[in-house]
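Residue numbers (our numbering), protein chains in the order written: chain C, 688 to 854; chain A, 688 to 854. Written out below as structure tokens is the structure these notes cover.
There are 2 protein chains.
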Amino acid sequence: MENIIHQEEDVKKFKDLIMYVDVCMFTTLDDNYKLHSRPMSTAQVDGEGNAWFFTNEFSEKINEISRDNAVNLIYSDPAKNIYVNVKGTCTMIIDRKKMEELWTPVLKAWFPDGLDDPKLCLVKVVTEDAYFWNNKASKMTAYFNMLAAIEKGEKYEEGESGKLQLS
Amino acid sequence: MENIIHQEEDVKKFKDLIMYVDVCMFTTLDDNYKLHSRPMSTAQVDGEGNAWFFTNEFSEKINEISRDNAVNLIYSDPAKNIYVNVKGTCTMIIDRKKMEELWTPVLKAWFPDGLDDPKLCLVKVVTEDAYFWNNKASKMTAYFNMLAAIEKGEKYEEGESGKLQLS
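Shown next as structure tokens:
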């Protein structure tokens, strides 16, 4: 029971961090174990902690996914000091109903034909492992907090980081 | 000559983008080709386009570097729509003079003993390949710019992206 509560809290935290940063560097490995990253906007984090994206079915990314479905999603927001590294496996899904559920007009900036675009599809990333760093404060603030802690003889709390238990 | 000018401009652009974002997700591959990423603050981009970092000589990252010196640096700032993916090779360097040159008091937040810390060392990443995306506008702005362009019958400029020629 305690485990389920922990898991639910972690999925919520994961969702909050991910959707706050929004755009990740979606990272795949090619045949020669070279990394390929490209920015992608997150359409949704569902109740199980899976991340969903819209993409173009025929893009290079999809070719790489079909060879090896291991991916890393890197969410990074230096201004807010939020960093999340997500390991997962992904699949391409063509599901009209789910697409309608996740579609927002802002996506027209990338897919001008909208839901009528025959190349439009969804990528679902099942998260296996998520590690986050959230310092809550900027580098300078962290520095001054540390100095203040030293002056008061207190232990400096560096911020929060850890593995999220998503399943 | 034109090539050199192009290269100098690209190194300057690379430096500007990297130092603006500052913190990257420093990504290494372990023995099983699993990716490991952790946030790291960039100490310097030098005149040749190499990126320098301070680190703890005995950290896990250094172990991974010593097995396979290929790394990826992922700089990502969703608020400013700047994304840079850097492929490179890295080496650990213990160079007292260079450390003094790159040291700033803010680093005390991570290395309280400063330059006297015997575990302190430098990591130099020689960049082999850098690809950037810089949309200059937020997602919402991009969307409205696109709509405005359509209304005026103009081609919508999505932003700037491309490979940087650093060497």
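We treat Cβ as the ideally placed atom computed from N, Cα and C, and that holds for glycine.
Give every residue of the same chain whose Cβ lies closer than 6 Å to the Cβ of Val773(A), excluding the five residues on either side of it in the sequence, and list them in chain order. As a working note, residue 773(A) is residue 86 in the second sequence. Closer than 6 Å at the Cβ level, and outside the excluded window around Val773(A), lie Leu760, Thr814, Ala817.
Which residue marks the beginning of the beta strand (DSSP E) containing Glu744(C), and which one marks its end? As a position in the first sequence, residue 744(C) is number 57, starting the count at 1. First-last for Glu744(C): undefined, no H or E at that position.
In chain order, what residues of the same chain have a beta carbon less than 7 Å from the beta carbon of Thr778(C), not counting five sequence neighbours either side? Counting from 1 along the first sequence, the entry for residue 778(C) is found at position 91. Taken in chain order, the residues that qualify are Asn756, Lys811.
For Asp709(A), would you say it is in contact with chain C, using Cβ-to-Cβ distances shorter than 7 Å as the test? As a first step, residue 709(A) must be located in the second sequence, where it is residue number 22. Taking Cβ atoms only, chain C reaches closer than 7 Å to Asp709(A), which makes this a yes.
Run through DSSP, which three-state label would Met827(A) get? Position 140 of the second sequence, counted from the first residue, corresponds to residue 827(A). Unreliable placement is indicated for Met827(A), whose pLDDT of 47 sits below 50; the coordinate value is still reported in the next sentence. Note: Met827(A) maps to helix in three-state DSSP.
Determine the burial state of Gly775(A): buried for a count of at least 16 other Cβ atoms within 10 Å of its Cβ, exposed for fewer. Along the second sequence, one-based indexing puts residue 775(A) at 88. The residue is buried, with at least 16 neighbouring Cβ atoms inside 10 Å.
Return helix, strand or coil for Asp782(C), following the three-state DSSP convention. Mapped onto the first sequence, residue 782(C) falls at position 95. Coil.
C-beta neighbour in chain A for Asn743(C), strict 7 Å: Walking along the first sequence from the start, residue 743(C) turns up at place 56. Taking Cβ atoms only, chain A never reaches closer than 7 Å to Asn743(C), which makes this a no.
Just reading off the beta strand (DSSP E) that Glu815(C) is part of, what are its end residues? Walking along the first sequence from the start, residue 815(C) turns up at place 128. Element bounds for Glu815(C): 807 to 821.
Looking at the secondary structure, which residues open and close the beta strand (DSSP E) in which Val758(A) lies? On the second sequence, position 71 is the one that residue 758(A) refers to. From DSSP, the beta strand (DSSP E) with Val758(A) extends over 757 to 764.
Does the beta carbon of Ala730(A) come closer than 7 Å to any beta carbon on chain C? Reading the second sequence from its first residue, position 43 is the one you call residue 730(A). Output row for Ala730(A): interface = no.
Could you tell me how far apart the beta carbons of Val666(C) and Leu704(C) are, in whole angstroms, since I believe they sit closer than 8 Å? There is simply no residue 666(C) to check, as chain C begins at 688 and stops at 854 in what is shown.
Could you check whether the Cβ of Thr828(C) sits closer than 7 Å to any Cβ belonging to chain A? Counting from 1 along the first sequence, the entry for residue 828(C) is found at position 141. Residue placement at Thr828(C) is poorly supported in this model, since its pLDDT is 48, which falls under 50; the coordinates are not used for a value here.
Can you find a CB in chain A that lies within less than 7 Å of the CB of Ala766(C)? Translated into the one-based positions of the first sequence, residue 766(C) becomes position 79. Yes, contact with chain A.
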